[in-house]
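Working notes, beginning with the structure itself.
In our numbering, the protein residues as written are 335 to 855.
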C-alpha cells in the first residue's frame with residue numbers, strides 16, 4: 335500500500351504463487367541436487383578405502399561364476415537343482431579378508447560334512463523303522479540336533495565355531511526334510527555336499543587370487559594408524575575438540591573389537607607379503623593396541639581438562655608453558671617413532687628419545703616443586719611483609735613494564751626513608767603504613783579479573799568490606815579450584831609418560847616375537 339496526503343491510494347495485491355506443499359513430489363531440479371549430494375557421499379566413502387569397491391566386485395564375480403553352472407545347460411543336467419547350494423555357499427562364506435573367508439569356509443565345510451553324515455545315519459535308522467515310525471524319528475532327531483547345536487555354540491571355548499554349529503543345524507534340517515519328501519536321502523545328501531564344495535572352492539579362489547585383502551596387513555596398518563593418531567592428538571592438544579586429530583584419537587579407544595577380529599582372521603592366513611613365517615604373533619598386536627589405548631585414555635583426559643570451563647589463571651599457565659610443551663612434544667615424538675618402527679618392521683631401542691622424554695618430565699616436576707606455592711590455595715609468594723614500604727597504589731597496571739617502574743620507584747623511596755640524617759644517633763621513626771601487596775598477590779588479583787572462572791570483580795568489595803565472610807570464603811574456594819586444573823593437567827602428563835614405558839616394552843616384545851630386523855645405524 336503506497337499513498338500520500340491528497341493523493342489516491344493504490345493497493346497492490348501480490349499474485350498467488352504456487353508453493354511447495356509438504357508431502358508433494360519434489361521438482362526434478364531438487365532431485366538432481368540431492369542425487370549429486372548422494373553421489374558425492376558415495377564417492378568419498380569409496381575413496382576412503384578402495385578395498386570396499388574391490389570386495390564388492392569380487393563377490394559379484396564369484397556369484398556369477400557359480401550361477402553359470404545353472405545358466406549353462408550341461409552343468410545343470412549334471413548337478414540338477416542341488417547346484418543352487420553353491421550360490422548360497424558363496425553368498426554366506428565370502429568375507430572381506432582372506433583370513434575371515436578361510437575361517438568361515440572351514441566352519442562351513444566341517445558343519446556341512448557333519449550334518450551330511452548325521453542326516454545319512456538318521457535317515458537309515460528311520461527307514462529301517464518302518465513308515466509309521468519314520469516321521470517321528472526324523473522329528474525327534476531335528477529337535478535334538480537343534481537343542482544340542484544351540485547349546486554348544488553358547489559354550490565360551492566354542493564361541494569361534496558358532497557359525498559351524500549354525501551350519502550343522504540348517505543343513506541337517508534341510509537335507510532330512512527334503513529327503514523324506516523327495517525320496518533317496520543319501521543321494522540328496524551327497525549332491526548337496528558336492529554343490530557346497532564347489533561354492534567354497536570358487537569363493538576361496540576368487541578371494542585369494544584376485545586382489546587379496548589380507549587381515550594381517552589390515553591389522554598392521556590399523557595399529558600403525560592408531561600410533562599416529564595418538565601422537566597427532568598429543569601435539570595439537572591445545573586445539574579445539576572437534577579437530578580431526580582429536581576424532582582419530584577418540585576412534586582409537588573403540589578399536590579393541592576391530593583389532594581382535596582382525597587378529598583372529600589373520601591366524602587363518604598363510605604366510606604372505608611381509609609376514610613370511612608361520613605362527614606369526616598376531617595376538618601381540620592386540621596386546622600392543624591395548625597398552626596404546628591406555629595411553630589414549632590419558633590424552634583424552636588431557637583434552638577434557640584443557641577444554642573444561644574451570645581454567646587456571648593465564649599467568650599461572652604461562653609459568654609452566656615451556657615445560658609442558660617440551661614434555662608433550664617429546665612424548666608425541668616417541669609415540670610416532672614407535673609407530674614408525676612397527677610400520678617398517680624394524681627393531682630400535684630408542685634409548686636417546688626415551689631419555690629425552692624422561693628428562694623433560696623431570697624438568698616439569700622440578701618446575702612444579704619450585705613454584706608449588708603458586709598452586710596453593712592462597713596463591714601467595716613467601717611472606718615479605720616485614721619490610722616497611724610506603725603505600726602502593728591499588729590500581730594494577732596491565733603491563734609488566736609499568737609495574738616494574740612502579741616497584742623501582744618504591745624501592746628508591748623506601749631506601750631514602752630508611753637513611754638517618756648525618757650526625758644524629760637517634761633512629762628515624764618511620765611511620766607504620768598498611769601492609770603492601772606483594773607482586774604475586776597483585777598479579778593474582780589482576781589475572782583473576784581477566785582469566786579466572788567464574789569471571790568476577792571482587793577486590794573493590796574486599797577492600798570496602800562489602801562482602802560477607804561466607805561470600806569471600808566461597809570465592810577463595812572457587813579460586814583455589816582453578817589452580818587444581820593445572821595440577822591435574824601436569825599430573826596427567828606425568829602419568830602418560832609413565833605409561834609410555836609399558837608401551838615401549840610391549841613394542842619391544844612384539845619386535846622380538848615377530849623377528850623384526852635390527853635398525854641399521
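Glycine included, C-beta positions come from ideal geometry on N, C-alpha and C.
Problem set entry | Residue of 484, 505 and 493 minimising C-alpha distance to residue 448 | The count along the chain shown starts at 1 and reaches residue 448 at position 114. Looking at the Cα atoms, 505 is the closest of the given residues.
For this session: Given a cut-off of 7 Å, decide if residue 668 and residue 619 are closer than it, judged by their beta-carbon atoms.
Result: Here residue 619 refers to the residue found at position 285 when the chain shown is read from its first residue. Here residue 668 refers to the residue found at position 334 when the chain shown is read from its first residue. With contacts defined by Cβ atoms closer than 7 Å, residue 619 and residue 668 do not form a contacting pair.
Problem set entry | Rounded C-alpha distance that separates residue 370 from residue 379 | Indexing the chain shown from 1 puts residue 370 at position 36. Indexing the chain shown from 1 puts residue 379 at position 45. Cα to Cα, the separation comes out at about 14 Å.
Problem set entry | Sequence-distant residues of its chain with Cβ nearer than 6 Å to residue 489 (five each side left out) | By 1-based counting over the chain shown, the position of residue 489 is 155. Closer than 6 Å at the Cβ level, and outside the excluded window around residue 489, lies no residue.
For this session: Below 7 Å CB to CB, which residues in the same chain sit around residue 366 once its five sequence neighbours on both sides are set aside?
Result: On the chain shown, position 32 is the one that residue 366 refers to. Residue confidence for residue 366 is low, a pLDDT of 47 falling below 50, so the modelled location carries little weight and cannot support an answer.
For this session: Mind the definition here: the stretch 407-420 touches the stretch 455-474 only if three or more C-beta pairs lie below 8 Å; say whether that holds.
Result: Counting Cβ pairs under 8 Å, fewer than three are found: no touch.
Exercise. From residue 856 to residue 666, what does the alpha carbon distance come to, in whole angstroms?
Worked result: Nothing in the structure corresponds to residue 856, since the chain is present only between 335 and 855.
Problem set entry | Inter-residue spacing [alpha-carbon to alpha-carbon] between residue 551 and residue 599 | Position 217 of the chain shown, counted from the start, is the residue given in the question as residue 551. Position 265 of the chain shown, counted from the start, is the residue given in the question as residue 599. Approximately 11 Å, taken between the alpha carbons.
Exercise. Opposite residue 680 in the DSSP bridges: which residues?
Worked result: Looking up residue 680 in the chain shown gives position 346. Its beta-bridge partners are 851.
Exercise. Just the Cα atoms here: how many angstroms apart are residue 633 and residue 399?
Worked result: Taking the chain shown and counting its residues from 1, the one referred to as residue 633 is at position 299. Taking the chain shown and counting its residues from 1, the one referred to as residue 399 is at position 65. Linking residue 633 to residue 399 through their CA atoms gives a straight-line distance of about 50 Å.
Exercise. Using a Cβ-Cβ distance under 7 Å, would residue 706 count as near chain B?
Worked result: This model lacks chain B altogether, as it is built from one protein chain only.
Problem set entry | the stretch 699-707 contacting the stretch 838-846, beta-carbon criterion three pairs below 8 Å | Cβ pair count under 8 Å is below three, so no.
Problem set entry | CB of residue 646 within 7 Å of CB of residue 820, strictly | Within the chain shown, numbered from 1, the residue matching residue 646 stands at position 312. Within the chain shown, numbered from 1, the residue matching residue 820 stands at position 486. Yes; because the gap between Cβ atoms is below 7 Å, this pair is in contact.
Exercise. My guess is that residue 459 and residue 478 are in contact by the Cβ rule of under 8 Å, so how many angstroms apart are they, rounded?
Worked result: Numbered from its first residue, the chain shown carries residue 459 at position 125. Numbered from its first residue, the chain shown carries residue 478 at position 144. A Cβ-Cβ separation of about 13 Å leaves residue 459 out of contact with residue 478 under the 8 Å criterion.
Exercise. Considering only the beta carbon of each residue, do residue 433 and residue 562 sit closer than 7 Å?
Worked result: Translated into positions along the chain shown, residue 433 becomes position 99. Translated into positions along the chain shown, residue 562 becomes position 228. The answer is no: Cβ separation not under 7 Å.
For this session: Give a yes or no on whether the C-beta atoms belonging to residue 547 and residue 385 are separated by under 7 Å.
Result: Within the chain shown, the letter at position 213 stands for residue 547. Within the chain shown, the letter at position 51 stands for residue 385. The Cβ-Cβ distance between residue 547 and residue 385 falls below 7 Å.
For this session: Provide the residue span of the alpha helix (DSSP H) that contains residue 562, from first to last.
Result: Translated into positions along the chain shown, residue 562 becomes position 228. From DSSP, the alpha helix (DSSP H) with residue 562 extends over 549-569.
Exercise. On the three-state DSSP scale, how would you describe residue 880?
Worked result: Past the edges of the chain, shown from 335 to 855, lies residue 880, and the structure says nothing about it.
Exercise. Within 10 angstroms of its Cβ, does residue 652 collect 16 or more other Cβ (buried), or is it exposed?
Worked result: In the chain shown, the residue the question calls residue 652 occupies position 318. Label assigned to residue 652: exposed.
Problem set entry | Per-residue burial, residue 391 [other beta carbons within 10 Å of its own, 16 or more giving buried] | The count along the chain shown starts at 1 and reaches residue 391 at position 57. Residue 391 counts as exposed, since fewer than 16 other C-beta atoms from the protein chains shown sit within 10 angstroms of its C-beta.
For this session: Spatial neighbours of residue 625 within its chain, please: CB distance less than 8 Å, with the 5 preceding and 5 following residues excluded, ordered by chain position.
Result: Here residue 625 refers to the residue found at position 291 when the chain shown is read from its first residue. Contacts found: 833, 836, 837 and 840.
Exercise. With distances taken between CB atoms, is the gap from residue 580 to residue 589 smaller than 7 Å?
Worked result: Locating residue 580 in the chain shown gives position 246, counting from the first residue. Locating residue 589 in the chain shown gives position 255, counting from the first residue. No.
Problem set entry | residue 450 vs residue 529 beta-carbon contact at 7 Å | Residue numbering aside, residue 450 sits at position 116 when the chain shown is read from its first letter. Residue numbering aside, residue 529 sits at position 195 when the chain shown is read from its first letter. Their beta carbons are not under 7 Å apart, which means residue 450 does not touch residue 529 by this criterion.
For this session: Could you tell me the distance, in whole angstroms, from the CA atom of residue 658 to the CA atom of residue 382?
Result: Position 324 of the chain shown, counted from the first residue, corresponds to residue 658. Position 48 of the chain shown, counted from the first residue, corresponds to residue 382. Rounded to whole angstroms, the separation of the alpha carbons of residue 382 and residue 658 is 35 Å.
Exercise. How close, in whole Å, do the beta carbons of residue 446 and residue 501 come, if the pair is a contact with beta carbons under 8 Å?
Worked result: One-based indexing of the chain shown puts residue 446 at position 112. One-based indexing of the chain shown puts residue 501 at position 167. Their Cβ separation, rounded to whole angstroms, is 6 Å, which keeps residue 446 and residue 501 in contact under 8 Å.
For this session: Please list, in chain order, all residues of the same chain as residue 480 whose beta carbon is under 8 Å from its beta carbon, the five residues on each side excluded.
Result: What you label residue 480 is simply residue 146 of the chain shown in a count that begins at 1. Closer than 8 Å at the Cβ level, and outside the excluded window around residue 480, lie 503 and 507.
For this session: Leaving out five residues on either side along the sequence, give the residues of the same chain with a beta carbon under 8 Å from the beta carbon of residue 642.
Result: Along the chain shown, one-based indexing puts residue 642 at 308. The answer, listed in chain order, is 819.
Exercise. Do you know offhand how far residue 536's Cα is from residue 695's?
Worked result: Translated into positions along the chain shown, residue 536 becomes position 202. Translated into positions along the chain shown, residue 695 becomes position 361. Answer to the nearest angstrom: the Cα atoms are 58 Å apart.
For this session: Grab the span of the alpha helix (DSSP H) containing residue 419 for me, first residue to last.
Result: Stepping through the chain shown from its first residue, residue 419 is reached at position 85. Unbroken alpha helix (DSSP H) run through residue 419: 418-427.
For this session: Classify residue 826 as buried or exposed, calling it buried when 16 or more other Cβ atoms lie within 10 Å of its own Cβ.
Result: Mapped onto the chain shown, residue 826 falls at position 492. With 16 or more other Cβ atoms within 10 Å, it is buried.
Exercise. Just checking my contact of residue 636 with residue 485 at CB under 8 Å: how many whole Å lie between their CB atoms?
Worked result: Within the chain shown, the letter at position 302 stands for residue 636. Within the chain shown, the letter at position 151 stands for residue 485. So it is not a contact: roughly 48 Å between Cβ atoms.
Exercise. For residue 727, does the three-state DSSP call read helix, strand or coil?
Worked result: As a first step, residue 727 is located in the chain shown; it is residue number 393 there, counting from the start. In this prediction, residue 727 has a pLDDT of 38, which is less than 50 and means its spatial position is unreliable; what the coordinates show is noted afterwards. Three-state result, residue 727: coil.
For this session: Give the DSSP-derived three-state secondary structure of residue 614 in the structure shown.
Result: For the purposes of this step, residue 614 is taken as residue 280 along the chain shown, with counting starting at 1. In the structure shown, residue 614 adopts coil according to DSSP, grouped into three states.
For this session: Drop a sphere of 10 angstroms on the beta-carbon of residue 498, count the other beta-carbons inside from all chains shown, and report buried for 16 or more, exposed for fewer.
Result: Here residue 498 refers to the residue found at position 164 when the chain shown is read from its first residue. Buried: at least 16 other Cβ atoms inside 10 Å.
Exercise. If you run the structure through DSSP and keep just helix, strand and coil, what is residue 626?
Worked result: Position 292 of the chain shown holds residue 626. In this structure, residue 626 counts as helix in the three-state DSSP scheme.
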